[in-house]
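Trainee: Numbering (the numbering used here), first residue to last: 1222 to 1608.
Next comes the structure, spelled out in structure tokens:
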């Protein structure tokens, strides 16, 4: 009997909820394994920011501040501890383990009159005192330095950082699967039995689309998502030419493509951006999609039934184009009411794409104005949960 893999793996958005539940509970460690480029790192960062926001704490990413800034936060943290004030900060540290040195964990030796001790970096001192935070250990399975690997395992298993155990923080690590890399030896039997090991599924196209809206809002080119809705087979491709400097498609590279196309939207560089993010073969398919002619938004809102007369890929492109016109306020939401009613009644997949591409202020207006049947309401609530 074939094994149903989906019951043993976890969807990205469900993994995010699991991390939140464990953080608000016992904060025990998690080891996430998964394919290359499916978004493990970005998911952990995003969820960490959401936890900080839900707790009313200031999110501090140690990778993005200087040591003098960390020192000021450290002094304020100590003062708040001494005054018995509630915590203010949520400390996040993403650790690219293959490029980390021992001194990044321990600092340097300090000789006193009676003993020798470690003088840790200020960011490590911050983590030792933090009352809230997540440490993310990336690429645990490709660490070559044995001492760094040992320190990373102590951190994952015991929350020991710089020789001090801090049970207030949560430690999450990530690695690739055995099928993705030759370097798979990570933890021995006794050690791996002390962490929750989960395998993260790649995003489905629908989940990816929802996640891009949640993460980037309007600052993303949603033509990427429209293309993937119609061509899911290009969502993840293999790196078949490892000897050549040519990219390949993963959720990470599609996200980069959507962000770069948006940032460079005033430049005529779609070809170069697509190839640079996706590789030549996938870029050719994607660029062919971008050359399609959508139904002009003003025509579509006057005659919504036109959407049913064109090919599916043109339908998706037309919906994205209309949503963009509303977001930029070239067209008022009220003017599109006839079209909205049409897709609510006739095409749920187009409604989803339209909904995701719209600014949140407009979707809230739609929810207030339209009377939904129970089935449609559940569908909308499902999307809103992740937006």
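C-beta atoms are modelled at their ideal positions from N, C-alpha and C, and glycine is treated no differently. Keep in mind the model is a prediction, meaning the values are calculated, not measured.
1) Beta-carbon within less than 7 Å of residue 1536's beta-carbon, same chain only, minus the 5 sequence neighbours each way: which residues are those?
2) Thinking just about the alpha-carbon of each residue, which of 1414, 1506, 1458, 1418 is nearest to the one in residue 1451?
3) For residue 1338, name the three-state secondary structure that DSSP assigns.
4) With 16 as the cutoff for other CB atoms within 10 Å, does residue 1254 come out buried or exposed?
5) Taking the continuous alpha helix (DSSP H) assigned at residue 1397, which residues delimit it?
6) I need the DSSP call for residue 1294, collapsed to helix, strand or coil.
7) Where does residue 1482 fall in DSSP's three states?
8) Is there a Cβ of chain B sitting closer than 8 Å to that of residue 1586, yes or no?
9) Where does residue 1354 fall in DSSP's three states?
10) Using 10 angstroms around the beta-carbon of residue 1382, count the other beta-carbons present and answer buried if the total reaches 16, otherwise exposed.
11) Of the residues 1554, 1559, 1577, which one's Cα is nearest the Cα of residue 1586?
12) Spatial neighbours of residue 1240 within its chain, please: C-beta separation below 6 Å, excluding the five flanking residues on both sides.
13) May I ask you to report which of helix, strand or coil DSSP gives residue 1477?
14) Comparing alpha-carbon positions, which option in 1430, 1257, 1424, 1376 lies nearest residue 1574?
15) Is the separation between the beta-carbon of residue 1232 and that of residue 1493 shorter than 8 Å?
16) Apply the 10 Å Cβ neighbour rule to residue 1514 and answer buried if 16 or more other Cβ atoms are within range, or exposed otherwise.
17) By a C-beta neighbour count over all protein chains shown, 10 Å radius and 16 as the cutoff for buried, is residue 1283 buried or exposed?
18) Would you mind stating whether residue 1396 and residue 1360 have Cβ atoms separated by less than 8 Å?
Mentor: According to the structure shown:
1) 1528, 1571
2) 1506
3) strand
4) buried
5) Here residue 1397 belongs to no alpha helix (DSSP H); instead the beta strand (DSSP E) covers 1391–1397.
6) helix
7) helix
8) Included in the structure is just one protein chain, with no chain B present.
9) strand
10) buried
11) 1554
12) 1268
13) helix
14) 1430
15) no
16) exposed
17) buried
18) yes
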